[in-house]
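Just below is one structure, and these are the notes that go with it.
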Amino acid sequence: MKTVVILMICIISFSGDLHAQDSAKIQKTNPIIYVEAGLGYAQTKIGYIEAQAAANYQFNKNLITARSTVIFSLNQDQSQEHAILFGRRYINGERSLSYSLGASWNRVDIYNYSSFNVTKRNEIYLGLPFEVAITWFNERKEKANVLGYFPFGKPFALGGGAGFKILGNLSSHSYIAIGFVIGFGFYKHY
């Protein structure tokens, strides 16, 4: 487990310039800020349905993410995670690749069912969250459309995106999850 943590820190620290938009060619007209919501499958002792929401802000190639994740199971066990992550994001045309590592506050509720008795146990602990995401979005500004067919107005940068995310947490109740995410916001400088 220590080697995984050290490996993730080294990847974030020593990563080179993979693919990124050239800031010398683009006039920066908008901030890169967007929100995402996702649903996926989690591999953990607590549950297997993962839902998450995140707010992202990028400056240069650095990405700051505030993420909230919930993992459910059929027997009412639930795990909640609130995390702040820092990482890198690389933009290439209409897609981006990002990876992040951070710190989280976690709470798990575990129910124990015995004959005629139900007990609930809560645990609060700290963790080391991580995520890797690939997202597709509009490459150029587009006009707004009425019913998806009738364009009007000037092109604008605000738009939607979709992608896949692998996320997890290294802690006393570790998990790894994969899911589909959709988002809305300014995904790049237009």
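Counting from 3, one number per residue, gives the positions in the sequence shown under the working numbering. By construction, the Cβ of each residue, glycine as well, lies at the ideal position given by its N, Cα and C atoms. Source: prediction; values computed, not measured.
If we ignore side chains and look at the alpha-carbon of each, how far apart do Ile180 and Ala105 end up? Ile180 and Ala105: Cα-Cα distance of roughly 19 Å.
Can you list, in chain order, the residues of its chain with a C-beta nearer than 8 Å to that of Asn32? Leave out the 5 residues immediately preceding and following it. Counting only Cβ-Cβ distances below 8 Å, and skipping sequence neighbours, we find Ala159, Phe188, His191, Tyr192.
Since Pro157 is in the beta strand (DSSP E), which residue starts that stretch and which ends it? Run containing Pro157: 152-158, per the beta strand (DSSP E) assignment.
Give, in chain order, every unbroken run of the beta strand (DSSP E) that is at least 3 residues long and sits entirely within the segment 77-154. Residue ranges of uninterrupted beta strand (DSSP E) with 3 or more members, entirely inside the segment 77-154 and ordered along the chain, are 80-94, 97-116, 119-139, 144-148.
Tell me Ser75's beta-bridge partners as DSSP assigns them. Its beta-bridge partners do not exist; DSSP assigns none.
Could you pull the start and end residues of the beta strand (DSSP E) that Asn58 belongs to? Start and end: 51-61.
Given this structure, state the Cα-to-Cα distance separating Tyr50 from Tyr101, to the nearest angstrom. Straight-line Cα distance between these residues: approximately 23 Å.
Contact check, Ala53 vs Glu38, beta carbons under 9 Å: Ala53 is not a Cβ neighbour of Glu38, given a cutoff of 9 Å.
Counting C-beta neighbours from all protein chains within 10 Å, is the total for Arg142 16 or more, i.e. buried, or is it exposed? Taking all protein chains in view, the Cβ of Arg142 is surrounded by fewer than 16 other Cβ atoms within 10 Å, so the residue is classified as exposed.
Assuming Asn203 contacts Asn171 (C-beta within less than 8 Å), just tell me the rounded distance between them. The structure shown does not extend to residue 203, since the chain is modelled only from 3 to 192, so the question has no answer here.
I'd like the list of long-range same chain contacts for Gln60, defined as Cβ closer than 7 Å, with 5 residues on each side in sequence excluded. Excluding residues within five positions, the ones whose Cβ falls inside 7 Å are Ile34, Arg91.
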